Amino acid sequence: MSLIEFRGVTFVHQNGVTALSDITTSFDKGERVGIVGENGAGKTTLVKHINGLLKPTSGTVTVNGTNTRDVSTAHLARSVGIAFQNPDHQLFSDSVENEITFALRNFGFEESVIKKRLDWALGFFGLEEYRKSSPLVLSGGEKKRLTLASILAWDPEVVVLDEPTVGQDAIQKEKLAEIVRMLHSAGKTIIIVSHDVEFLWTLQPRLVVMKQGRIVGDGPCAKIMHDWPLMESARVTQPQLVQLYDELQRRPEGPFLDVSAARSWIGRRSE
Amino acid sequence: MRAALEASRDHVIRLTTLLRIEDLSFRYIDAERWALDHIDLSIEQGTITVLAGQSGCGKSTLLRCINGLIPHMYPGDYRGRVTLDGAPVDKTGMGELAQKVGLLFQNPENQIFMFSVERDIAFGPENLGLPREEIRGRVDEVMRLLGIVPLALRAPHELSDGQKQRVALAGVIAMRPKLIILDEPTSLLDPKTASELVGLVHRLNRELGITFVIVEHRLELLTPIADRLVVMHRGLKVMDGTPAEVLTNPLALGYGIAVPPVSMLYVDLLKDGLSLGRVPAEPRELAEEVNQL
Numbered sequence: 001m002s003l004i005e006f007r008g009v010t011f012v013h014q015n016g017v018t019a020l021s022d023i024t025t026s027f028d029k030g031e032r033v034g035i036v037g038e039n040g041a042g043k044t045t046l047v048k049h050i051n052g053l054l055k056p057t058s059g060t061v062t063v064n065g066t067n068t069r070d071v072s073t074a075h076l077a078r079s080v081g082i083a084f085q086n087p088d089h090q091l092f093s094d095s096v097e098n099e100i101t102f103a104l105r106n107f108g109f110e111e112s113v114i115k116k117r118l119d120w121a122l123g124f125f126g127l128e129e130y131r132k133s134s135p136l137v138l139s140g141g142e143k144k145r146l147t148l149a150s151i152l153a154w155d156p157e158v159v160v161l162d163e164p165t166v167g168q169d170a171i172q173k174e175k176l177a178e179i180v181r182m183l184h185s186a187g188k189t190i191i192i193v194s195h196d197v198e199f200l201w202t203l204q205p206r207l208v209v210m211k212q213g214r215i216v217g218d219g220p221c222a223k224i225m226h227d228w229p230l231m232e233s234a235r236v237t238q239p240q241l242v243q244l245y246d247e248l249q250r251r252p253e254g255p256f257l258d259v260s261a262a263r264s265w266i267g268r269r270s271e
Numbered sequence: 272m273r274a275a276l277e278a279s280r281d282h283v284i285r286l287t288t289l290l291r292i293e294d295l296s297f298r299y300i301d302a303e304r305w306a307l308d309h310i311d312l313s314i315e316q317g318t319i320t321v322l323a324g325q326s327g328c329g330k331s332t333l334l335r336c337i338n339g340l341i342p343h344m345y346p347g348d349y350r351g352r353v354t355l356d357g358a359p360v361d362k363t364g365m366g367e368l369a370q371k372v373g374l375l376f377q378n379p380e381n382q383i384f385m386f387s388v389e390r391d392i393a394f395g396p397e398n399l400g401l402p403r404e405e406i407r408g409r410v411d412e413v414m415r416l417l418g419i420v421p422l423a424l425r426a427p428h429e430l431s432d433g434q435k436q437r438v439a440l441a442g443v444i445a446m447r448p449k450l451i452i453l454d455e456p457t458s459l460l461d462p463k464t465a466s467e468l469v470g471l472v473h474r475l476n477r478e479l480g481i482t483f484v485i486v487e488h489r490l491e492l493l494t495p496i497a498d499r500l501v502v503m504h505r506g507l508k509v510m511d512g513t514p515a516e517v518l519t520n521p522l523a524l525g526y527g528i529a530v531p532p533v534s535m536l537y538v539d540l541l542k543d544g545l546s547l548g549r550v551p552a553e554p555r556e557l558a559e560e561v562n563q564l
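Residue numbers (my numbering), protein chains in the order written: chain A, 1 to 271; chain B, 272 to 564.
Laid out in C-alpha cells, this is it:
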C-alpha cells in the first residue's frame, strides 16, 4: 500500500465548478513528485486533499491507510506539512520566532526540543536577524522561507511545496533544491507544485501533469518534459535544455539532464 | 562649430533619454543601511530594461523612486536627482507623474477592483477628468489592443490569472504613460501565460514605443526581448549591459542572477575553445550554432 492514495477522487466546488475529475494515483514513501499544469488545472486543489483541508466530493483519499474523511485536518497536519503559494494566507503570529514554534507547541514537543528546532530553522533559512520581528516586515521571499521553516521545524513525513520558487532569487533557489535533496535523503515524501520547469528539471522528480482537473501525464521528469505534444496540450513550457536537445540535428539518446552533460556531449561530438 | 555640435548633442539626449537617475541615494526612515547607494542610470525612450538582483538588493526601492512613491509617500533620506520625461520626480505631484509612468503590480488582485472590466480600465482616465468620449475611446482602444474586448462586461474577479493581468495592464496603458514599470509580472502566471504576456509587452514596445522597466527573476523569459539588463546588489548598481553581455559575465552568478542554462552552456563551450557566434537569446539559437560545428 502506498503512503498516499487517491481513488476515483472528484471534487466539486460549492459554486458547481468541478476542480478534480476522477483522480486515481498514489505517492509512495520517500518519493519526490513534481506537479505541473496551467493555472486552474487543479494542482493546488489536489494537494489540499492530502492533509484533509479539502475532502473529496466522491472517491477516497488515504494517508498512511487512514481515510482523510475519518480524521481531523489537525491530526493529518502532524504527518503532512504544506507550504502554500501565498505566505500571507499562512503567517499569523506576532513574531517570526512564535510563527516557527506555534506548531511545535501545539504538537506538544518538549521545550528543549522546541528551542533546538527553532535555532536550526532560523539559521538554516537565514532568518536569525528577524527572530523577534513581526512576519509582516519580511519581504515576499523571506515570508516564503518562513512558512517553509515553520513546517520543516515539526518534521512532517510528507512535505508539500506549492510554488516554492516564486519570488526567490537564484541563490535561494539553489538552497531550496538543497533542502529538497536533504529531505529526500532523510526518506521524506516531497510533493512540489511548480510552474518553474527549470527548477524541476534540476531535481528530476517523478512528474505528474494536470489539465482541467485530470491527470494527463505521469512518469519520469526527463521522459514527460520531452513529450512535446503532452507539454503543449497542458500549456507547460519545456526546460531550455530540452528545447536545445530537440533542435539538434545529431544528438544523444535522451535530453541533457544538466549543463555539464550538454557541455561534454557537444565537446566530444565536435572533436 | 564645437559649441553647435555640443548643443545639438544635448538636444538629442534630451529627446531620447526618458528617465535619468543621477547619484541617487535613499535610506528609509529608521533604517541603518542605505537602500540605494549612489545610483546612476539613464533609460532611453522606447527601450526594454530588465532590473535583476537578489531579494533586498534595492530593486523595489528604485522602482518607487521612479514612480514617485519615494519621496512622496515613503519618508527617508533622499539624495540625488530623478528626472522623468523632463520632470524632477521629487518636485512633481503624483497626479502628473501618473500620466508619465504606470506601474503593474505582481498581483493584479491589488490593482483591479471595479464591477466590470471596462469600468476598471476607465477608472484611471476618469480620475484625470477627461471628457466622456475621450475615456470611451481610450478604453475601447486598449481593450482591442490587448485582445480583451469579449471580457468588457465581465466581473474582474471571475477572470483567469492571465486575463486579470491583461486587465490590469490595460488600465495602466489607458493612462498613456511613456514608461511602464512591471514588478515581477509573471511570477503568478503559468509558463505559457507568462510568455504570452512577454509577447504582449514586446508588441506594445514596438507598436506604441512604450518604454518598459521590468523587475523579474525568470530571465529566460525576457532575454529574447530585453535591450538591457541592470543588476543591483546591496543598493549598488553592479552590472549594466545587454542581456548577452551580463549573462555571459561570470560575476552574474555571484550576484544571485538566475543565469538561464543556455547562457551558462554557451560560456562553458567558449571556454572549451569551440567557435560560436553571437550569444544565444533562446535555446534554438544555440542549437543552430552547434549544428554548424
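The beta-carbon is built from N, C-alpha and C at its ideal position, and this holds for glycine as well.
Fair warning: this is a prediction, and the values are worked out from it, not measured in the lab.
DSSP, reduced to helix, strand and coil, places B:N398 within a helical segment of the structure shown. The C-beta of A:V113 has fewer than 16 other C-beta atoms within 10 Å across all chains shown, which makes the residue exposed.
If the five residues before and after B:E389 are omitted, its C-beta is found closer than 8 Å to the C-beta atoms of V410, M414, A423 and L424, all from its own chain and listed in chain order. Leaving aside the five residues that flank A:F27 on each side, the residues in its chain whose CB is nearer than 7 Å to its CB run, in chain order, S2, L3, I4, V33, T189 and I191. Shown here for B:F376: same chain residues with a beta carbon closer than 8 Å to its own, the five before and five after excluded, namely Q382, A439 and D454 in chain order. B:L459 counts as buried, since at least 16 other C-beta atoms from the protein chains shown sit within 10 angstroms of its C-beta. In the three-state reduction of the DSSP assignment, B:E315 falls in the strand class, which pools E and B.
A Cβ-Cβ distance of about 18 Å is found for the pair A:K211 and A:G8, leaving them out of contact under the 8 Å criterion. With fewer than 16 other CB atoms across the displayed protein chains lying within 10 angstroms of its CB, A:S270 is exposed. Listed in chain order, the positions of the region 130-143 of chain A with a beta carbon within less than 9 Å of a beta carbon of chain B are S139, G140, G141 and E142.
Under the 8 Å Cβ criterion, the region 58-68 of chain A does not count as touching the region 206-224 of chain A, having fewer than three qualifying pairs. For B:K463, a Cβ of chain A is located within less than 8 Å of the residue's own Cβ. Counting along the chain, no alpha helix (DSSP H) covers B:Y526, and no H or E run does either. If you ignore the 5 residues before and after A:T57, its C-beta comes within less than 8 Å of the C-beta of T10, F11 and V12, all in its own chain and listed in chain order. Looking at the DSSP output, B:M446 bridges to nothing. At a Cβ-Cβ threshold of 8 Å, A:S150 and A:E99 count as neighbours.
Contact between B:Y349 and B:I337 is absent: CB atoms are separated by about 13 Å, not below the 8 Å threshold.
Remark: fewer than three beta-carbon pairs, one from each stretch, lie closer than 8 Å, so the region 514-533 of chain B and the region 176-190 of chain A are not flagged as touching. Comparing alpha carbon positions, the residue from A:L152, A:V166, A:D119 and A:L118 closest to A:S139 is A:V166. Taking 8 Å as the threshold, the shortest C-beta distance from A:E128 to chain B does not fall below it.
For the options B:G357, B:Q436, B:V472 and B:A426, the alpha carbon positioned closest to that of B:P495 is the one of B:V472. At least one CB of chain B lies nearer than 8 Å to the CB of A:R235. The beta carbon of A:L241 sits closer than 8 Å to those of W201, P255, F256, L257, D258, V259 and A262, all from its chain and outside the five residues before and after it, given in chain order. Runs of the alpha helix (DSSP H) lying entirely within the region 207-255 of chain A, each at least 4 residues long, are 221-225, 228-233 and 240-247 in chain order. A straight line joining the alpha-carbon of B:E315 with that of B:K330 spans about 19 Å. Contact annotation for B:P448 against chain A: no contact, minimum CB-CB distance about 25 Å [criterion: below 7 Å].
The contact set of B:D432 on chain A, defined by CB atoms closer than 7 Å, consists of N39 in chain order. Secondary structure note for B:K508: its beta strand (DSSP E) is the uninterrupted segment L507 to G512. For B:L374, the enclosing beta strand (DSSP E) covers residues V372 to L375.
The shortest C-alpha to C-alpha distance from A:H75 to any of A:E111, A:F84 and A:N106 is the one to A:N106.
The DSSP-derived three-state label of A:F109 is coil. Sorting B:P346, B:L289 and B:V321 by C-alpha distance to the C-alpha of B:D301 places B:P346 at the top.
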